[in-house]
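Chains as they are written, first to last, in numbering that gives the first Met the number 0: chain G, 0 to 252; chain R, 0 to 252.
Backbone N, C-alpha and C define an ideal beta-carbon position, used for all residues, glycine too.
To keep things clear, I will list the structure first and then write my remarks on it.
2 protein chains.
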Amino acid sequence: MTTAQPGPRVEAVLFDTFGTVVDWRAGVAAAVDSFAERHGLDLDGQDFALRWRARYQPSMEPVRTGAREFVSLDVLHRENLLEVLGEHGIDAGTIEPGELTWLVEAWHRLPPWPDSVTGLRRLRERALIGPLSNGNLALLARMAKNAGLPWDVVLGSDVTRAYKPQPESYLRAVSLLGLEPGEVMLAAAHNSDLHAAASAGLRTAFVARPSEFGPGQTTDLEPAGDWDLVAGDLVELADRFTGPAWSVDRRGR
Amino acid sequence: MTTAQPGPRVEAVLFDTFGTVVDWRAGVAAAVDSFAERHGLDLDGQDFALRWRARYQPSMEPVRTGAREFVSLDVLHRENLLEVLGEHGIDAGTIEPGELTWLVEAWHRLPPWPDSVTGLRRLRERALIGPLSNGNLALLARMAKNAGLPWDVVLGSDVTRAYKPQPESYLRAVSLLGLEPGEVMLAAAHNSDLHAAASAGLRTAFVARPSEFGPGQTTDLEPAGDWDLVAGDLVELADRFTGPAWSVDRRGR
Numbered sequence: 000m001t002t003a004q005p006g007p008r009v010e011a012v013l014f015d016t017f018g019t020v021v022d023w024r025a026g027v028a029a030a031v032d033s034f035a036e037r038h039g040l041d042l043d044g045q046d047f048a049l050r051w052r053a054r055y056q057p058s059m060e061p062v063r064t065g066a067r068e069f070v071s072l073d074v075l076h077r078e079n080l081l082e083v084l085g086e087h088g089i090d091a092g093t094i095e096p097g098e099l100t101w102l103v104e105a106w107h108r109l110p111p112w113p114d115s116v117t118g119l120r121r122l123r124e125r126a127l128i129g130p131l132s133n134g135n136l137a138l139l140a141r142m143a144k145n146a147g148l149p150w151d152v153v154l155g156s157d158v159t160r161a162y163k164p165q166p167e168s169y170l171r172a173v174s175l176l177g178l179e180p181g182e183v184m185l186a187a188a189h190n191s192d193l194h195a196a197a198s199a200g201l202r203t204a205f206v207a208r209p210s211e212f213g214p215g216q217t218t219d220l221e222p223a224g225d226w227d228l229v230a231g232d233l234v235e236l237a238d239r240f241t242g243p244a245w246s247v248d249r250r251g252r
Numbered sequence: 000m001t002t003a004q005p006g007p008r009v010e011a012v013l014f015d016t017f018g019t020v021v022d023w024r025a026g027v028a029a030a031v032d033s034f035a036e037r038h039g040l041d042l043d044g045q046d047f048a049l050r051w052r053a054r055y056q057p058s059m060e061p062v063r064t065g066a067r068e069f070v071s072l073d074v075l076h077r078e079n080l081l082e083v084l085g086e087h088g089i090d091a092g093t094i095e096p097g098e099l100t101w102l103v104e105a106w107h108r109l110p111p112w113p114d115s116v117t118g119l120r121r122l123r124e125r126a127l128i129g130p131l132s133n134g135n136l137a138l139l140a141r142m143a144k145n146a147g148l149p150w151d152v153v154l155g156s157d158v159t160r161a162y163k164p165q166p167e168s169y170l171r172a173v174s175l176l177g178l179e180p181g182e183v184m185l186a187a188a189h190n191s192d193l194h195a196a197a198s199a200g201l202r203t204a205f206v207a208r209p210s211e212f213g214p215g216q217t218t219d220l221e222p223a224g225d226w227d228l229v230a231g232d233l234v235e236l237a238d239r240f241t242g243p244a245w246s247v248d249r250r251g252r
């Protein structure tokens, strides 16, 4: 499909990670349930995960505007966790620091969607692949190693020093790969992310993840833009991404 | 061996790349010979490779001292190539730019030593692994994909914005991994690299590569420091690196 379209060959496909490649809701809920059981706390893991994630976008906003110096997502996740614990009447000061770190690092241990590893392995034959996520490099590297995500390269938001949808987050990643924006495709389950990537000149692939936020999800059920590629999961994405095998030798392209 | 020593557990092993993991001399010589044949030039690939590499350290020096703004190794490789071509009486202006780029990218296509892929695969079970090289990210990512190097993470000198042996090159890599210097080991075939890493607080592993510079090599034939680990190749390194399997769950360590 991509080769049939005008424009340069797509050399690299970068992925939104939380929600697109891994199921953050299931992973965080399981960690919270385990944490609650060990500490004799009454917490609903699923509800807690949604509340923790709801603070994600607002917590990055001061960094995006420049009101706050860049801090990594691990730092924001910890701050947001303390707030959600507070909402539940739990004083984080009473909890052993190592236990809090373990809970913050639930985001390092997120499970892939069932199709993710197979799809990425297949796509890797035709393109260089990696995450383009708001996660920091340590988080993404540890997640990948644990979940078996076969990335060629791991680019964290602490490498680009920018949070999506800031244009720099896309363009610095493209530049580090030594490519032009039109040679890179972003794959994401979120239309807003794809809009920002397209504005920066990248190619786009929408992957539906209709249960990311649970059974009541109302957003991002369908593609809402003229994306280069649309797929139901990462295996379908890999199969729709046709063209020659990836080669380190660019002569003659 | 490492677990029997005092200090924290080694979570990550980072590798010098040119000479330690890949055979730059063979890869560059083959590309030069192919280039010479296509262009009807009289060049000795082996000799050319050594001359090109001889300009490597001097070309980074102005960047290290701050006399020159950071430029990537791809840029330095190109500048150094033009000089070596000039030494041979070849005006690079007469050569198609795509052909020059192809030759610069010989450094993206370097072959691994025969033990490298097996050793890295084995070590990867017990530690997070990646390059810590003066190569830029695009170079290292493409080299890894082509050579089958199973890195968990790829850190380029254009990510740390420093060239070894600057302390920042080691310490920024450690920091991006979310680790302390004592939790990271540098593996290298060059004693000077290990000295600098040890001074920055990292653990060290020496891997002998006695034919890196050809049959007449006189340097780095033996370890010249009190390194934590010494191995004849990367398979031996992996086998000497004992301890539990790597786990994303750091609770209880």
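Query: Rounded Cβ spacing between R:P222 and R:F205 (contact assumed at less than 8 Å); Result: 4 Å
Query: Interface residues of chain G facing R:D22 [CB-CB closer than 9 Å]; Result: The premise fails here: R:D22 is roughly 16 Å from chain G at the closest Cβ pair, so nothing lies under 9 Å.
Query: Amino acids of chain R, ordered along the chain, whose beta-carbon sits closer than 9 Å to that of G:A143; Result: D151, V152
Query: Neighbour flag for R:R250 against chain G, beta carbons, 8 Å; Result: yes
Query: Whether G:D225 touches G:R202 by CB criterion (8 Å); Result: no
Query: First through last residue of the beta strand (DSSP E) which encompasses R:T203; Result: 202-206
Query: Contact check, G:A126 vs G:V247, beta carbons under 8 Å; Result: no
Query: Contact under 8 Å by Cβ, R:I128 with R:D114; Result: no
Query: Assigned exposure category for R:P130 - 16 Cβ within 10 Å defines buried; Result: buried
Query: CB contact check: R:D73 to chain G, cutoff 8 Å; Result: yes
Query: Chain G contact residues for R:W245, given Cβ-Cβ distances below 8 Å; Result: K144
Query: Cutoff 8 Å: G:G97 Cβ touching any chain R Cβ; Result: yes
Query: Check whether R:F34 and R:L102 have beta carbons under 8 Å apart; Result: yes
Query: Under the three-state DSSP convention, the category G:T1 falls into; Result: With a pLDDT of 42 at G:T1, under the threshold of 50, the modelled position of that residue is not reliable, and no figure is offered here.
Query: Cut-off 6 Å between Cβ atoms - residues of its own chain near G:Q165, not counting five sequence neighbours on either side; Result: R63
Query: Other residues of its chain near G:V83: CB distance less than 6 Å, five sequence neighbours each side excluded; Result: R50, W51
Query: Whole-angstrom distance between G:K163 and R:Q45, CA atom to CA atom; Result: 46 Å
Query: C-alpha gap between G:R123 and G:D90, whole angstroms; Result: 45 Å
Query: Limits of the beta strand (DSSP E) - the one that G:A230 falls within; Result: 228-230
Query: Assigned exposure category for R:E86 - 16 Cβ within 10 Å defines buried; Result: exposed
Query: Closest by C-alpha distance to R:W23, when choosing among R:P110, R:A196, R:A187; Result: R:P110
Query: Interface flag, R:D90 vs chain G, CB-CB below 8 Å; Result: no
Query: Cβ neighbour criterion (16 or more within 10 Å) applied to G:L185; Result: buried
Query: Under 8 Å from the C-beta of G:L127: neighbouring residues of chain R; Result: A140, R141, K144
Query: R:T1 classed as buried or exposed, judged by whether at least 16 other C-beta atoms fall within 10 angstroms; Result: With a pLDDT of only 43 at R:T1, under 50, the local geometry of the prediction cannot be trusted, and the value read off the model is given with reservation. With 16 or more Cβ atoms within 10 Å of its Cβ, R:T1 is classed as buried.
Query: Cβ of R:A3 within 8 Å of any chain G Cβ; Result: Residue placement at R:A3 is poorly supported in this model, since its pLDDT is 44, which falls under 50; the coordinates still yield a value, given next. Chain G, which has no Cβ nearer than 8 Å to the Cβ of R:A3, makes this no.
Query: Unbroken beta strand (DSSP E) run spanning G:G147, endpoints; Result: G:G147 -> no beta strand (DSSP E), and no H or E assigned at all.
Query: 8 Å Cβ cutoff met for G:A207 and G:A188; Result: yes
Query: When G:R54, G:Q216, G:E211, G:D232 are compared against G:A25, the one with the closest alpha-carbon; Result: G:E211
Query: CB of R:S58 within 8 Å of CB of R:D157, strictly; Result: no
Query: Spatial distance of G:D43 from G:V21 (CA atoms); Result: 21 Å
Query: Closer than 8 Å to chain G by CB, R:G177; Result: yes
Query: Supposed contact pair G:N135 and G:D73 - C-beta distance, whole angstroms, cut 8 Å; Result: 6 Å
Query: Chain G contact residues for R:R112, given Cβ-Cβ distances below 7 Å; Result: Here the sequence assigns Trp to residue 112 of chain R, which means Arg is not the residue at that position. Ordered by position in chain G, no residue passes the 7 Å Cβ test against R:W112, which lies about 18 Å from the chain.
Query: Cβ neighbours of R:A3 in the same chain (closer than 6 Å, five flanking residues each side left out); Result: At R:A3 the pLDDT is 44, less than 50, meaning the model places this residue with poor confidence and gives no usable figure here.
Query: G:P130 - DSSP class collapsed to helix/strand/coil; Result: strand
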